[in-house]
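Heads up, the sequence shown is in the working numbering, so the first residue is 17 and it goes up one at a time.
We treat Cβ as the ideally placed atom computed from N, Cα and C, and that holds for glycine.
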Amino acid sequence: MDVSIIIVNYNTAQLTLQCIESIYSKTSKLVYEIIVVDNASTDNSVELIRDKFPNVLLVQSDVNLGFGRANNLAYQSALGNYIFLLNSDTILVNNAIYKLFCFLEANLQITIVGGQLLNKQLFPVHSYSVFFPSISWEVNNLLCGLLSKVKKLCKKRQLKYNNYFLVSYITGADMMIRRSVIDKLGLFDPDFFMYFEETEMSHRYSQFNHSIAFFPQAKIIHLEGKSISFIEKKERLFFTSRAKYYRKVHSILYFKLANLLYLMTCFTKILYSILSLNFKMSVFWIMRMKVFYSCI
17 MDVSIIIVNY
27 NTAQLTLQCI
37 ESIYSKTSKL
47 VYEIIVVDNA
57 STDNSVELIR
67 DKFPNVLLVQ
77 SDVNLGFGRA
87 NNLAYQSALG
97 NYIFLLNSDT
107 ILVNNAIYKL
117 FCFLEANLQI
127 TIVGGQLLNK
137 QLFPVHSYSV
147 FFPSISWEVN
157 NLLCGLLSKV
167 KKLCKKRQLK
177 YNNYFLVSYI
187 TGADMMIRRS
197 VIDKLGLFDP
207 DFFMYFEETE
217 MSHRYSQFNH
227 SIAFFPQAKI
237 IHLEGKSISF
247 IEKKERLFFT
257 SRAKYYRKVH
267 SILYFKLANL
277 LYLMTCFTKI
287 LYSILSLNFK
297 MSVFWIMRMK
307 VFYSCI
C-alpha cells in the first residue's frame, strides 16, 4: 500500500463526501486507501459516507476525540507506507496525493511534505509557517507579519532553482508523513484537542533533525472555516492549544513574555481599528483578547 489517506469527520457530511469524491476523481497511478474517522457526529454522516463510498474504511468513535486523537485512532488501521492527513473541507485540484508521494520518494531527506492550499477562487492561502510559535513569531504578529513576509519572499526565490523549500511546519489541512518516522516518534500529542497539534508534532520531529517541505505543485482547495461554526468556540480552542504548546516546548517565563507580546498585538489592532473607524474589527479584537486572557 502506497498511501493511507485519513480524513476526520464531525458533522460535516457534505464536505467529507465532496472531499472523497475529489480524491477518487483526481488521484491516479497510486495504490491507496481512504480512512474516515467519524467523531461521534450527530448528523447522518456515517450512513451517507457508508452508502455512497462502501470501499472507504469508516472508523467510528463514541466520543468527539478532536483532530489529533482521531487521526491517531485511524493510524492504528492504516496500511500505507505514507500517511496523508487531509481535512474534510478540502478538494483536490490536481493529482496532488500522487505528486506528494513522488516527492517523498525522490527526497529521502524530507519527512513531511504539504502542498499549496487555495481558496475557492484558486488564490493561494496559508499553507505553511516559517516560524514555530516563539518570541520571534509573536514579534512577527506585532509587526503585522512583516518578518514572515520577508522570510517567505526569500524562500519563494528558492523555487527558481528547486521545486520546493523547507519550512517550520505545514498546516494540518494536508500533510504527508513517512510511516517509518511516525512508528518511531508517534503522530499527534493526545493533549491537543484541536489546533497546534501539527505544530507540536513538527517541532518534536525537528528535534530529531527531520525536515519539513512545502511543495506547491500539489494543489488543494481549502474551504477554511467551514467545519467550525461558532467563532468564539474556535478562538477558545485555538488559545487553549496555544497555551499547551508554549508550556510543553518553552519555559513559564518564555510563555509569559510571549503572552505579553500577544496582548500588545491585540491593543495595537484595537487602536488601529478605532482610528480607522472600523468598529466591527475593533469589537472582534476586543472579543479575541477577552477569550485569550481567559485561556492563559
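- Annotation note: the region 246-282 contains the following uninterrupted alpha helix (DSSP H) runs of length 4 or greater, listed N- to C-terminal: 247-265.
- Using a Cβ distance threshold of 7 Å, P149 and Y261 count as a contacting pair.
- Between the alpha carbons of K200 and L124 lies a distance of about 16 Å.
- Here the C-alpha atom of G131 lies approximately 9 Å from the C-alpha atom of K115.
- A distance of 7 Å or more separates the beta carbons of V24 and V62.
- Rounded to whole angstroms, the separation of the alpha carbons of K165 and S44 is 35 Å.
- When DSSP states are grouped into helix, strand and coil, Q76 belongs to the strand group.
- DSSP, reduced to helix, strand and coil, places L95 outside both helices and strands of the structure shown, so it counts as coil.
- Residue N179 holds the alpha-carbon nearest to the alpha-carbon of A122 among N179, F308 and N103.
- In the structure shown, G84 adopts helical secondary structure according to DSSP, grouped into three states.
- Contact fails between the region 206-213 and the region 222-240, because fewer than three Cβ pairs, one in each stretch, are under 8 Å apart.
- Taking the CA atoms as reference points, V307 sits about 24 Å from D205.
- Under the three-state reduction of DSSP output, Y177 falls in the coil class, being neither helix nor strand.
- The beta carbon of M297 is closer than 6 Å to those of S289 in its chain, skipping five residues each way along the sequence.
- Considering only F117, Q92, Y144 and I36, the residue with the shortest C-alpha distance to S218 is Y144.
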